[in-house]
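Worksheet: one structure, shown below.
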Amino acid sequence: MLDSTLQATYDQVLRRNAGEPEFHQAVREVFESLEVIQDRHPEYQDHGILMRLCEPERQIIFRVPWVDDDGIVQVNRGFRVEYNSALGPYKGGLRFHPSVNLGIVKFLGFEQIFKNSLTGLPIGGGKGGSDFDPHGRSDGEVMRFCQSFMTELHRHMGEYTDVPAGDIGVGAREIGYLFGQYKRLTNRYEAGVLTGKGLDWGGSLVRKEATGYGAAIFADEMLKARGSSVDGRRVAVSGSGNVALYAIEKVRQLGGIAVTASDSSGYVVDENGIDLELLQQIKEVERGRITEYAERRGNGARFVKGGSVWDVPVDIAVPSATQNELDADAARTLVKNGVKAVSEGANMPCTPDAVAVLREAGVAFGPGKAANAGGVATSALEMQQNASRDAWSFEHTENRLTEIMKNIHTTCLETAEEVGRPGDYAVGANVAGFRKVADAMIAFGVI
Ligand code: GLU
Numbered sequence: 005m006l007d008s009t010l011q012a013t014y015d016q017v018l019r020r021n022a023g024e025p026e027f028h029q030a031v032r033e034v035f036e037s038l039e040v041i042q043d044r045h046p047e048y049q050d051h052g053i054l055m056r057l058c059e060p061e062r063q064i065i066f067r068v069p070w071v072d073d074d075g076i077v078q079v080n081r082g083f084r085v086e087y088n089s090a091l092g093p094y095k096g097g098l099r100f101h102p103s104v105n106l107g108i109v110k111f112l113g114f115e116q117i118f119k120n121s122l123t124g125l126p127i128g129g130g131k132g133g134s135d136f137d138p139h140g141r142s143d144g145e146v147m148r149f150c151q152s153f154m155t156e157l158h159r160h161m162g163e164y165t166d167v168p169a170g171d172i173g174v175g176a177r178e179i180g181y182l183f184g185q186y187k188r189l190t191n192r193y194e195a196g197v198l199t200g201k202g203l204d205w206g207g208s209l210v211r212k213e214a215t216g217y218g219a220a221i222f223a224d225e226m227l228k229a230r231g232s233s234v235d236g237r238r239v240a241v242s243g244s245g246n247v248a249l250y251a252i253e254k255v256r257q258l259g260g261i262a263v264t265a266s267d268s269s270g271y272v273v274d275e276n277g278i279d280l281e282l283l284q285q286i287k288e289v290e291r292g293r294i295t296e297y298a299e300r301r302g303n304g305a306r307f308v309k310g311g312s313v314w315d316v317p318v319d320i321a322v323p324s325a326t327q328n329e330l331d332a333d334a335a336r337t338l339v340k341n342g343v344k345a346v347s348e349g350a351n352m353p354c355t356p357d358a359v360a361v362l363r364e365a366g367v368a369f370g371p372g373k374a375a376n377a378g379g380v381a382t383s384a385l386e387m388q389q390n391a392s393r394d395a396w397s398f399e400h401t402e403n404r405l406t407e408i409m410k411n412i413h414t415t416c417l418e419t420a421e422e423v424g425r426p427g428d429y430a431v432g433a434n435v436a437g438f439r440k441v442a443d444a445m446i447a448f449g450v451i
């Protein structure tokens, strides 16, 4: 049970947003953290901050009709939830996946507000997407879908209004089609309106790598705070998308050994360390399945159909696939195998019960809104480069990213300490992320 004021607001959130369990989960998790500052900050209550924060500023739902390669008309549903613009234009990715519905987009948008606040950069929170599944679709089908999606979305976007990017199912190819259609409809080459662009047309170096790099750096920082590091450690990474691939790369650069990757068909274990180039070739270039990795790698890599990647004994876990992929049983297995740190590369990959198990066992837990903030932070760096018509070097951009991740880590740690929950990064992230947004909302009056 939450404290009575928070509970009353939470009850209203439940009533107003029936049938959206992931959204309820995300709100509750933040509310639980805010209990520790309730008494110190009566002004948040006086200004109705929580009620206003839970209600998105604007929610757009639209039809996305398109014609497939067989000439059949298909209809998907498009979403953009412009959640909160207290700190800057709405910023957050687009997810194309059959599981996308309004509740999923709201959970992601809600998380994005605090994540973006934690980066210290001027970006508000938003999220969007569609239940369209790009898997198995031709480039032509993906293009026609993206063009139809943008035909509605473009009127809500703008470099000072709303700046979408990628997420699951939306990578460089999709951003290209989306940007092309935006440019065509508006007759403006407005680079700062989308991030994750190609390097030849306004994209930023390091953006592709940033989320995964950041999650590995965050794990390293958490371990360093406890007198150790990623160096020499075994790491389990789930997923095989953008986040997983580059978490694996950074783990290797930090001296660790990432031994797993997965997709919806199962996972691979490679005791010699995942061969990044091979995984990139299969996943990024060929858009193939993870089974092929084990087949082509030979020397001891094995594919496990179904099952849980968290059964593999490791020191560090970086869940980088999707929400609620690591439950309490998995957390117990990880703890039994001696896990030291869990750094969330995906958004909300650990269930609340899993987080409780990790907390209880004293495992360092980096919540997604802190640990995976490197992606959106580098998107904000892309916006900076676009605004100044500049393009930074890989080294300069990566240094900025590393510095941002270290700052987020310190902010979470110091805030947790300040509110009497030392070492609790989840509470630190929620309180620190929330306070900046809340203070800006108070400054703006009731809007
Ligand atoms: N989709 C990413 C996230 O969850 C990145 C968003 C962005 O770059 O705007 O934070």
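Going by my numbering, the final residue of the sequence shown carries number 451, and the count climbs one at a time with no gaps.
By construction, the Cβ of each residue, glycine as well, lies at the ideal position given by its N, Cα and C atoms.
Since the model is a prediction, treat every value here as computed from it, not as a measurement.
I'd like the span of the beta strand (DSSP E) that includes I127, first residue to last.
Taken as a continuous stretch (DSSP letters only), I127 belongs to no beta strand (DSSP E), as it is neither H nor E.
How many angstroms separate the CA atom of I65 from the CA atom of V289?
32 Å
Between I41 and L91, how many whole angstroms is the CB-CB distance? I'm expecting something under 8 Å.
19 Å between Cβ atoms; not a contact.
Any contact of the segment 26-41 with the segment 433-440, i.e. 3+ C-beta pairs under 8 Å?
yes
My output table needs one value for Q78: the three-state DSSP class, helix, strand or coil.
strand
W314 and A334 look like a contact to me (Cβ under 8 Å); what is the Cβ gap, rounded to whole Å?
With 8 Å as the limit, W314 and A334 qualify as a contact, their Cβ atoms being about 4 Å apart.
Would DSSP call F369 helix, strand or coil?
strand
Under the assumption that V263 contacts V343 (Cβ atoms under 8 Å), give the Cβ distance between them as a whole number of angstroms.
About 13 Å; that fails the 8 Å criterion.
May I ask whether a heavy atom of ligand 1 can be found less than 7 Å away from the beta carbon of Q388?
no
Which runs of the alpha helix (DSSP H) fall wholly inside the segment 380-451 and span at least 4 residues, in chain order?
398-422 and 429-448
With a threshold of 16 other CB atoms inside 10 Å of the CB of V174, please say whether the residue is buried or exposed.
buried
Starting from the Cα of A447, find the closest Cα among E47, D7 and D279 and give me that residue.
E47
At which residues does the beta strand (DSSP E) containing Q63 begin and terminate?
R62 to V71
Report yes if the C-beta distance between M352 and A30 is below 8 Å; otherwise report no.
yes
Shortest alpha-carbon distance to K201 belongs to which of K212, E156 and R192?
Closest in C-alpha terms to K201, from the list K212, E156 and R192, comes K212.
Going by other Cβ atoms of all chains shown within 10 Å of its Cβ, with 16 needed for buried, is T414 buried or exposed?
That one is exposed.
Looking at the strands, I want to know which residues DSSP matches up with T264.
DSSP links T264 through a beta bridge to V273.
Quick one: give me the first and last residue of the alpha helix (DSSP H) that R336 is part of.
A332 to K340
List the DSSP bridge partners of R168.
The sequence as given places Pro at residue 168; Arg does not occur at that position. G96, per the DSSP bridge assignment.
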